[in-house]
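Colleague: From first to last, the protein sequence lines stand for chains R and V.
For reference, each letter of the first sequence is one residue, going 1 to 266 in the UniProt record's numbering.
For reference, each letter of the second sequence is one residue, going 1 to 266 in the UniProt record's numbering.
We put the CB at the ideal spot given by N, CA and C, even for glycine.
Protein chains: 2
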Amino acid sequence: MRFGGQTVRNIRMTVSYDGTAYNGFQTQPGDLRTVQDQLEQAIKQLTGEQLKITASGRTDAGVHARGQVFNFITESQIPIERWCMALNARVAEDIVVRDARIVPIDFHSRRAAKRKTYRYTVRCGKNPDVFKRHMEFHHPTPLNIEAMREGLRYLVGEHDFTSYSSVRTAKNSFIRTIYEAKLVCDPFEEELNSFAFHIFLTGNGFLYNMVRIIVGTLLQVGEGKRPSSDIGAILDAKNRGKAGPTAMAHGLMLWEVFYEEEAPSS
Amino acid sequence: MRFGGQTVRNIRMTVSYDGTAYNGFQTQPGDLRTVQDQLEQAIKQLTGEQLKITASGRTDAGVHARGQVFNFITESQIPIERWCMALNARVAEDIVVRDARIVPIDFHSRRAAKRKTYRYTVRCGKNPDVFKRHMEFHHPTPLNIEAMREGLRYLVGEHDFTSYSSVRTAKNSFIRTIYEAKLVCDPFEEELNSFAFHIFLTGNGFLYNMVRIIVGTLLQVGEGKRPSSDIGAILDAKNRGKAGPTAMAHGLMLWEVFYEEEAPSS
């Protein structure tokens with residue numbers, strides 16, 4: 001497309017990042033370090049353009065991403081196959097751009113996103129795994145995994161997720177659809193005397209802190225403090241006060257974002 | 001055992017650590033941060049004793065350990081089952097003491113070690129895995145895995161490892177026995193378009209930089225720069241100059257240390 005005498009392109013990228021050292025994805029007021037700033041600075045270094053990227057959504061401080069998606073309009077004529085390496089050479093090593101492709105000029109990473117999958121990881125056992133400490137929430141006492149699985153079933157379908165949303169949100173609608181909610185266990189690691197499990201939630205959208213509040217409540221189910229059926233009863237209550245605490249950020253990862261033409265790969 | 005009027009005990013611990021932030025295991029001159037210092041400071045905080053711990057061996061700056069073993073003699077009467085948690089509360093979160101047990105008073109972690117296993121991990125593919133970047137050496141171009149496996153076979157048995165040892169060493173003997181040398185591939189990760197492989201070496205002892213020089217040479221085999229048979233020819237040459245470069249530290253992990261009563265668990 002030609003725009004203002006220049007040929008412009010819309011470039012869509014997939015990026016992984018370790019969120020440990022960042023105040024979330026999105027640019028913040030003040031000097032807070034964010035993934036978005038890193039990426040925009042790298043693009044500026046590469047092309048000279050001071051532009052704004054659009055992501056599929058924000059992630060909070062300490063939250064990770066395996067497959068965050070963003071896009072931006074650029075006048076740069078750098079061949080598309082050179083972009084990943086060029087940006088990776090200009091960002092910190094906790095950010096890796098994995099894919100770059102040209103998309104229609106009206107593609108918008110947030111508006112076009114059809115589904116997202118988040119993963120939350122918990123390590124059960126006396127000690128954390130020191131090598132995964134930034135991406136696993138450590139729970140030292142035993143959990144009833146089957147009760148948690150049972151609880152997840154109440155979430156599937158279209159529901160009002162008011163109870164599982166931060167009160168700090170100002171959305172018009174709290175209705176979201178969860179397509180899949182599953183709990184997957186890694187094998188027990190004998191020497192570490194522990195195992196990790198992952199909660200995967202796939203939905204058409206997620207409210208602020210929604211995955212973390214769901215996980216915080218499910219952990220209470222796993223601890224035997226609540227029955228599995230509470231997960232459904234809390235949905236019905238439409239009251240944040242009925243749900244459990246917000247689970248810690250570092251166990252959470254934006255796993256994958258799906259667009260129109262794509263089917264979930266799991 | 002009673003010693004100077006006090007009952008003393010010899011405590012043996014197994015510790016995991018992420019070596020990224022340390023100048024190796026062993027105490028260094030000056031203000032360099034080491035794992036040993038962290039552990040000794042924690043023991044001092046806990047017991048008031050300013051003692052020296054003895055480890056199975058040192059690890060270099062940036063090298064990790066899954067199962068490093070150390071021991072120390074203490075007058076403290078803290079029950080053995082409380083030691084792990086007490087020390088873990090006093091060290092940085094990149095160190096986790098996983099096991100503590102009372103051993104005979106003459107047990108010495110280095111002298112009593114019968115076998116050690118080291119693991120070296122390489123990620124093959126265009127990009128590193130951002131979440132494992134501190135523990136995988138990233139190799140962006142393809143490697144001939146079968147040629148590397150073939151090369152590993154030359155190492156098994158009793159050999160003079162002069163060629164695979166840093167010239168900065170002053171050992172009486174360069175003879176070591178490798179009991180097992182294997183290469184294990186993780187599954188190909190489609191979305192990351194990459195896979196990791198691990199080289200496990202188990203032997204009765206390792207010379208300074210030995211694993212890293214072996215890996216650096218094997219990578220040249222994998223790149224097609226040398227035939228597999230060079231791994232054996234280099235052994236025969238007894239000349240460090242014939243081997244390849246020393247592979248980077250961060251891919252290396254002290255995996256396990258075996259003592260008399262134990263059999264390797266692999």
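Under the three-state reduction of DSSP, which class applies to G157/V: helix, strand or coil?
Modeller: Reduced to three states, the DSSP call for G157/V is strand.
Colleague: Measure from the alpha carbon of E256/R to the alpha carbon of each residue in A61/R, V69/R and Y154/R, then state which is nearest.
Modeller: The residue with the shortest Cα to Cα distance from E256/R is V69/R.
Colleague: With distance defined between alpha-carbon atoms, name the residue in G244/V, I231/V, F258/V and V211/V nearest to D60/V.
Modeller: Nearest option by C-alpha distance: V211/V.
Colleague: Just the Cα atoms here: how many angstroms apart are H250/R and K171/R?
Modeller: Near 25 Å, if we compare the C-alpha coordinates of K171/R and H250/R.
Colleague: In terms of residues, what are the limits of the alpha helix (DSSP H) holding Q220/R?
Modeller: It spans M210 to G222 - the alpha helix (DSSP H) in which Q220/R sits, taken as one unbroken run.
Colleague: Compare the C-beta of I95/V against all C-beta atoms of chain R and say whether one is closer than 8 Å.
Modeller: Yes - at least one Cβ of chain R is within 8 Å of the one on I95/V.
Colleague: Do three or more CB pairs link the stretch 182-199 of chain V to the stretch 119-138 of chain V at distances below 8 Å?
Modeller: Yes: at least three Cβ pairs fall under 8 Å.
Colleague: How many whole angstroms separate the CB atoms of Q36/R and Q26/R, which I take to be in contact at a CB cut-off of 8 Å?
Modeller: So it is a contact: roughly 5 Å between Cβ atoms.
Colleague: Taking Cβ positions only, does D18/R come closer than 8 Å to chain V?
Modeller: At least one chain V Cβ lies under 8 Å of D18/R.
Colleague: Please report how far the alpha carbon of R149/R lies from the alpha carbon of H64/R, in whole angstroms.
Modeller: Distance between the alpha carbons of R149/R and H64/R: 24 Å.
Colleague: Relative to the C-alpha of G157/V, which residue among I145/V, D230/V, G203/V and L219/V is closest?
Modeller: It is G203/V.
Colleague: So Q68/R is in the beta strand (DSSP E); what residue range does that whole segment cover?
Modeller: Q68/R -> beta strand (DSSP E) spans H64 to T74.
Colleague: Looking only at its chain, what residues have a beta carbon closer than 7 Å to the beta carbon of T100/V, apart from the 5 residues adjacent to it on each side?
Modeller: A small fix is needed here, since residue 100/V is Ala in this sequence, not Thr. If we look at A100/V and ignore the five residues flanking it on each side, its Cβ neighbours are I11, M13, I80, W83 and C84.
Colleague: At a Cβ threshold of 8 Å, is F195/V touching chain R?
Modeller: By this cut-off, F195/V is not an interface position.
Colleague: What does a CB cutoff of less than 7 Å around A112/R pick up in its chain, not counting 5 residues either side in sequence?
Modeller: Closer than 7 Å at the Cβ level, and outside the excluded window around A112/R, lie Y259 and E260.
Colleague: For G244/V versus G224/V, is the C-beta distance shorter than 8 Å?
Modeller: Their beta carbons are not under 8 Å apart, which means G244/V does not touch G224/V by this criterion.
Colleague: Using a Cβ-Cβ cut-off of less than 9 Å, list which residues of the stretch 128-162 of chain R approach chain V; keep chain order.
Modeller: Of all residues in the stretch 128-162 of chain R, P128, D129, V130, F131, K132, R133, H134 and M135 have a Cβ within less than 9 Å of some Cβ in chain V.
Colleague: Within the same chain, show all residues whose beta-carbon is closer than 7 Å to that of A263/V, passing over the 5 residues directly before and after it, in chain order.
Modeller: Note that A263/V scores a pLDDT of 46, beneath 50, so its modelled location is shaky; the value from the coordinates is reported in the next line. Once the five neighbours on either side are set aside, A263/V has no close Cβ partner at all.
Colleague: Could you tell me the boundaries of the beta strand (DSSP E) in which I125/V lies?
Modeller: Ile is not the amino acid found at residue 125/V; the sequence shown has Gly there. G125/V -> beta strand (DSSP E) spans A113 to G125.
Colleague: By Cβ distance below 8 Å, which residues in the same chain neighbour R66/R in space, the five residues on each side in sequence not counted?
Modeller: Closer than 8 Å at Cβ, skipping near neighbours: S16, R119, M253, L254, W255 and E256.
Colleague: Which residues of the stretch 50-84 of chain R have a Cβ closer than 8 Å to any Cβ of chain V? Give them in chain order.
Modeller: Going along the stretch 50-84 of chain R in chain order, one finds H64, R66, G67 and C84 with a Cβ nearer than 8 Å to chain V.
Colleague: Spatial neighbours of F206/V within its chain, please: CB distance less than 7 Å, with the 5 preceding and 5 following residues excluded, ordered by chain position.
Modeller: Same-chain partners within the cutoff: K116, Y118 and R176.
Colleague: To the nearest angstrom, how far is the alpha carbon of Q28/V from that of I53/V?
Modeller: Straight-line Cα distance between these residues: approximately 14 Å.
Colleague: If you draw a straight line from the alpha carbon of T7/R to that of F72/R, how long is it in whole angstroms?
Modeller: Rounded to the nearest angstrom, the two C-alpha atoms are 14 Å apart.
Colleague: Beta-carbon of E223/R versus every beta-carbon of chain V: anything under 8 Å?
Modeller: No, no contact with chain V.
Colleague: Kindly indicate the opening and closing residues of the beta strand (DSSP E) around I102/R.
Modeller: Unbroken beta strand (DSSP E) run through I102/R: I95 to V103.
Colleague: Quick check: is the beta carbon of R98/V nearer than 8 Å to any beta carbon in chain R?
Modeller: So, interface residue.
Colleague: I'd like to know whether the C-beta of E189/R is nearer than 8 Å to at least one C-beta of chain V.
Modeller: No, no contact with chain V.
Colleague: Can you check the stretch 7-50 of chain R for any beta strand (DSSP E) of at least 3 residues that lies completely inside it and give the ranges in chain order?
Modeller: With a minimum length of 3 residues, the continuous beta strand (DSSP E) runs that stay inside the stretch 7-50 of chain R are 9-17.
Colleague: Going by alpha carbons, who is nearest to E180/V out of E189/V, S166/V and L155/V?
Modeller: That would be L155/V, whose Cα lies nearest to the Cα of E180/V.
Colleague: So what does DSSP say about R226/V, is it helix, strand or coil?
Modeller: R226/V: coil per DSSP, three-state reduction.
Colleague: When DSSP labels each residue in this structure, what does S265/R get in the three-state scheme?
Modeller: The pLDDT assigned to S265/R is 48, lower than 50, so where the model puts this residue is not dependable; a value taken from the coordinates is nonetheless given after this. Of the three classes helix, strand and coil, the one that applies to S265/R here is coil, per DSSP.
Colleague: Short check: CB of A86/R to CB of I78/R, under 8 Å?
Modeller: Yes; because the gap between Cβ atoms is below 8 Å, this pair is in contact.
Colleague: If you measure from the beta carbon of D31/V to each beta carbon in chain R, is any gap under 8 Å?
Modeller: It does not; no Cβ of chain R falls within 8 Å.
Colleague: Do F174/V and D160/V have their C-beta atoms within less than 8 Å of each other?
Modeller: Against a cut-off of 8 Å, the Cβ pair of D160/V and F174/V comes out as a contact.
Colleague: Under a three-way DSSP split, which group does R149/V fall into?
Modeller: In the structure shown, R149/V sits in a helix (DSSP, three-state: H, G or I).
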